[in-house]
Each structure stands twice: as structure tokens, then as C-alpha cells.
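Engineer: The structure that follows is given in the form of C-alpha cells.
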Amino acid sequence: MSGFVEKPEPVEVPGLQHLHTGKVRDLYRNERGELVMVASDRISAYDWVLPTEIPEKGKILTQLSLWWFDLLADLVPNHVLSTELPAGAPADWEGRTLVCRSLRMVPVECVARGYLTGSGLAEYRDTRTVCGIALPEGLTDGSELPSPIFTPATKAEVGEHDENVAYEEVAHRIGAEPAAQLRQATLAIYNRAREISRARGIILADTKFEFGYAEATLGAESAEPVLADEVLTPDSSRFWPADQWEPGHAQPSFDKQYVRDWLTSPASGWDRAGEQPPPPLPAEVVERTHAKYAEAYELLTGTSWK
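So the mapping is simple: the numbering used here equals the position in the sequence shown, first residue as 1, plus 1.
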């Protein structure tokens, strides 16, 4: 079993139509046909959306995404139109809401990896490949790859796993030219972000992007992908402290590792393989997880979260 432990009811705002409740974001459409994306404080782990929220998490993700969108604007356009709060929206939406262009989203998670870990490591141990890309012998958890690789995945519904696929499968699904565009854009963004992160003492091990195309460009040969959703946050990326990087084991990270570790510890009393949903998080885990998200924001942007 997996999914929402307690699925929230959508907030009703005059002039906004609720479209979707995701793991973290709630999606609405305004009367102009634009999308309104609201990042909640929900947190997910092991395919469950947990019953406990991490205070300010949605705001940190939104503000960090905006920072990255600005730094990447010369590489790829993005979907952000405004950060203005819709009329009648709750005050808590301030700082966590983006008004965005409506796009035809590509049904593929565009993943770039510069280091071997996670699902890529599991596949490598079995086949010495990741998404069909052959890698050298002798790599281990946390190893830097000879060069960054594009390892796409299919998007999954809430409670389901994304599934890694070969590049050829992406080309078959969406066409050879769009697939080539997405691979090029993904690796260009990753390389830029990796350089920026490393200069701030952070390793960007891997990350995933979502792209779409403007409806007006459908079928046009000159259509270019538009970067959407969130970008280069601790929810969509693995950030490691560079001064603690040591291949051969799992790396410390700026994300929800405290949550994962507690859920799989005897203290939680939760059986990951069982049918019961995860329990609420203790205050200490919530506080430490919030601190990690805030620390990632501060190290990357060079500004205090508070």
C-alpha cells in the first residue's frame, strides 16, 4: 500500500478551479487559463505522503526554484509568469505560489546523474549499466561518473514508483527530435547547476526536471522545451556536502534523509513492507528536516532564510 496517509481537501478560492493534488503541490487554473501552483509543506517518503508536515518547506522549495530559474534563464525558458498572490487566496499561500504558463507536459522525468547512487546504483550492480548506458567496472555508492548522463524515467502517480527507461524508449514515446532536445537541455542545466553548487561547497549528485511545450508551438519545428514545476531543490535533487564526500557508502545529504532514517528505525515501529501507513513524525525529526532544507537554501543562495 502507498499514497496519502491523509489526503487534504483542496482550498476553495473564488476564480480558481482545482485541478490536482500532488505529493507536495496543489494545482489550480485561473480565469485566464493560467496555472496556479501552490507548494504545500507536505513531505513524502517511501511512496507515502506523510501525515506530518515540515513547516515552511513549500516556501523554501518555491523561493529556491525561483532563484535557480533566474540563473538558468539564458539556457532554457521557464513557465513562471508571476508570483503575485491570486485575489482571495489564503495568506499562507504567500511565498509558495507561482502563476505559470499552461503547457503540454512531457510524460517523462528528465534525470541527470553525475554520481552513482539510488536507483542508478541498484541497476549498475545488476547490469553495469544505468538506463542502458554502459559504465566502467569498479564504481560504488557515491562514485563520480566519467561524465554526466541522461537517465530518464516515466512519471508515476502518487504512491507509485517512477521507472527508469532507456533513451530509446523516450524517443519512441515522444519523437526523436524532442527526445534529443530534452537530453541536451537536461545536461546543459545540470552542468551549469553543478558548477554553481560546487563553488558553494555542495555536490549536485543528480537531479530531475520536468519540461513542457507551449500549446501555440505544437507541431512547430522550432518549438523549444520549457522548464516547469520545481527545479534544483532538495526534493528533486541530491545535494551532498562536498567536504564530506567519500565514495563507498551513502552520503550525508541536504534533504529528507532524517525522515527516511526515522521511518526505517525501530523507534518508528513502522513496517515498510506491511500494509499500515507510516506514523506521524516526532518533533525532533521535523525540526532537523526543516533545518536541512533551510541550510540548503542558505548555502546555495548565500542569503539567510530568515
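The beta carbon of each residue, even a glycine, is placed where N, CA and C say it ideally should be.
(1) Exposed or buried, what is K293 when buried is set at 16 or more other beta-carbons lying within 10 Å of its beta-carbon?
(2) Out of R199, L205, E216, F151, which one is the CA nearest neighbour of Q185?
(3) Is the stretch 197-208 touching the stretch 285-302 in the sense that three or more CB pairs, one from each, lie closer than 8 Å?
(4) Out of R33, P15, N31, E10, state which residue places its alpha-carbon closest to the alpha-carbon of T22.
(5) Do you know how far the Cα of W69 is from the Cα of Y231?
(6) When DSSP builds the beta bridges, which residues end up paired with G4?
(7) Bridge partners for V131 per DSSP, in chain order?
(8) Give the straight-line distance between the Cα atoms of Q258 and V77, rounded to the nearest whole angstrom.
(9) How long is the line joining the alpha carbons of Y168 and P153, rounded to whole angstroms?
(10) Is D71 helix, strand or coil when you go by DSSP?
(11) Spatial neighbours of V171 within its chain, please: CB distance less than 6 Å, with the 5 preceding and 5 following residues excluded, ordered by chain position.
(12) Checking 8 Å against the spacing of the C-beta atoms, do K60 and R43 come in under that value?
(13) Could you check which residue in S83, V50, G270, T118 has the C-alpha nearest to that of E247?
(14) Give the secondary structure of L28 by DSSP, where H, G and I count as helix, E and B as strand, and everything else as coil.
(15) Under DSSP, the alpha helix (DSSP H) around A189 begins and ends at which residues?
(16) Among R97, N79, S237, which residue has its Cα nearest to the Cα of P1?
(17) Assign L164 to one of three DSSP states: helix, strand, or coil.
(18) If you count every other CB in all the chains shown that lies within 10 Å of the CB of S266, and 16 or more means buried, which is it?
(19) State the DSSP-derived secondary structure class of S41, mapped to helix, strand or coil.
Structural biologist: Reading from the atomic positions:
(1) If you number the sequence shown from 1, residue 293 lands on position 292. Buried, by the Cβ-count rule.
(2) Numbered from its first residue, the sequence shown carries residue 185 at position 184. The closest CA to that of Q185, considering only R199, L205, E216, F151, is found on F151.
(3) Touching, yes.
(4) Counting from 1 along the sequence shown, the entry for residue 22 is found at position 21. Taking only the C-alpha atoms, the option nearest T22 is E10.
(5) The sequence position of residue 231 within the sequence shown is 230, counting from 1. The sequence position of residue 69 within the sequence shown is 68, counting from 1. First, the residue type needs correcting, since residue 231 is Glu and not Tyr in the sequence shown. The alpha-carbon atoms of E231 and W69 are separated by roughly 9 Å.
(6) As a working mapping, residue 4 is identified with position 3 in the sequence shown. Its beta-bridge partners are W49.
(7) Taking the sequence shown and counting its residues from 1, one reaches residue 131 at position 130. Looking at the DSSP assignment, V131 forms a beta bridge with I134.
(8) To locate residue 258, count along the sequence shown from 1; it is residue 257. To locate residue 77, count along the sequence shown from 1; it is residue 76. Their backbone Cα atoms lie some 31 Å apart in a straight line.
(9) For the purposes of this step, residue 168 is taken as residue 167 along the sequence shown, with counting starting at 1. For the purposes of this step, residue 153 is taken as residue 152 along the sequence shown, with counting starting at 1. Approximately 7 Å, taken between the alpha carbons.
(10) By 1-based counting over the sequence shown, the position of residue 71 is 70. D71: helix per DSSP, three-state reduction.
(11) Here residue 171 is taken as the residue at index 170 of the sequence shown, counted from 1. Within the same chain, and ignoring the five residues on either side of V171 in sequence, the residues whose Cβ sits closer than 6 Å to its Cβ are V109, P153, A180.
(12) Sequence index remark: in the sequence shown, residue 60 carries index 59 (1-based). Sequence index remark: in the sequence shown, residue 43 carries index 42 (1-based). No. Outside cutoff.
(13) As a working mapping, residue 247 is identified with position 246 in the sequence shown. Ranking S83, V50, G270, T118 by Cα distance to E247 puts T118 first.
(14) Stepping through the sequence shown from its first residue, residue 28 is reached at position 27. DSSP places L28 in strand when its eight states are reduced to three.
(15) The count along the sequence shown starts at 1 and reaches residue 189 at position 188. 177-199 is the extent of the alpha helix (DSSP H) around A189.
(16) No information on residue 1 is available, as it lies outside the stretch 2 to 307 that the chain covers here.
(17) Counting from one through the sequence shown, the residue named residue 164 turns up at place 163. The sequence given here places Glu at residue 164; Leu does not occur at that position. In the structure shown, E164 sits in a strand (DSSP, three-state: E or B).
(18) For the purposes of this step, residue 266 is identified with residue 265 of the sequence shown, where counting begins at 1. Exposed.
(19) To locate residue 41, count along the sequence shown from 1; it is residue 40. Of the three classes helix, strand and coil, the one that applies to S41 here is coil, per DSSP.
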